[in-house]
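**Q** I'd like to ask some things about the structure below.
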Amino acid sequence: MIVVTDTSVVLNLCALQQERLLADLFGCVLAPPAVMEEFERLASVDQRFAGLTFPVFVQLSAATQIDPSLVLNQRLHQGEREALSLAAELGADAVLMDERAGRAAASSLGLSSIGVLGILVQAKTLGLLPAIKPLLERLHHQARFWIAPALIQQVLESVGE
């Protein structure tokens, strides 16, 4: 399986010390250079992510060009544009992305998207995590990752917590 990650998913999993889930679930994880640059910038300037390092197993790879449909989309950051373009170019199985605009752009390109919550659910379902409720709480409080209360309840019910 080949997946391309955007910054938020890998950054938040690193903040939870659960980045290994990416390799465990997907095997080959690729990221464009802009994603690593954004990760490193945020780790150096945002206290929430201080001291985090980009996972060594995530392979850097650049798209040959940015998909024309993404160039003028002002709701996307450069890392999202590059990740989506790379995923489309490679025919990746999925793009790892949390942002609504990015997920909508992925859908318009015919790409499947998986966010950090989906990764945690998959990991729990496969027995890679004993529970996800404590991780959701840490994600919310430590990383300040906003999750609608109804979505939290839905996710927890889906994994029997």
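Numbered per the working numbering, the sequence shown finishes at 243, counting up by one with no gaps. Think of the CB as a built atom: it goes at the ideal place given N, C-alpha and C, for glycine as much as any other residue.
1) What beta strand (DSSP E) runs, 3 residues minimum, are completely inside the region 92-127?
2) Of all the options L124, A174, A170, D149, which has the alpha carbon lying nearest to the alpha carbon of V111?
3) I'd like to know whether the C-beta atoms of A105 and Q160 end up nearer to each other than 8 angstroms.
4) What first and last residue would you give for the beta strand (DSSP E) that runs through V138?
5) What are the residues that DSSP puts in a beta bridge with I196?
6) Exposed or buried, what is G242 when buried is set at 16 or more other beta-carbons lying within 10 Å of its beta-carbon?
7) Under 7 angstroms Cβ to Cβ from H222, same chain only, skipping five residues before and after it: list those, please.
**A** In terms of the structure at hand:
1) 110-113
2) Residue 111 sits at position 29 when you count from the first residue of the sequence shown. Minimum Cα distance to V111 is reached at A174.
3) Position 23 of the sequence shown, counting from 1, holds the residue named residue 105. Position 78 of the sequence shown, counting from 1, holds the residue named residue 160. Cβ distance not < 8 angstroms, so A105 and Q160 don't count as in contact.
4) Mapped onto the sequence shown, residue 138 falls at position 56. Here V138 belongs to no beta strand (DSSP E), and DSSP marks it neither H nor E.
5) Residue mapping note: residue 196 aligns to position 114 of the sequence shown, counting from 1. L178.
6) Position 160 of the sequence shown, counting from 1, holds the residue named residue 242. By the 10 Å Cβ count, G242 comes out exposed.
7) In the sequence shown, counting from the first residue as 1, residue 222 sits at position 140. For H222, where only same-chain residues beyond five positions count, the Cβ hits under 7 angstroms are I229.
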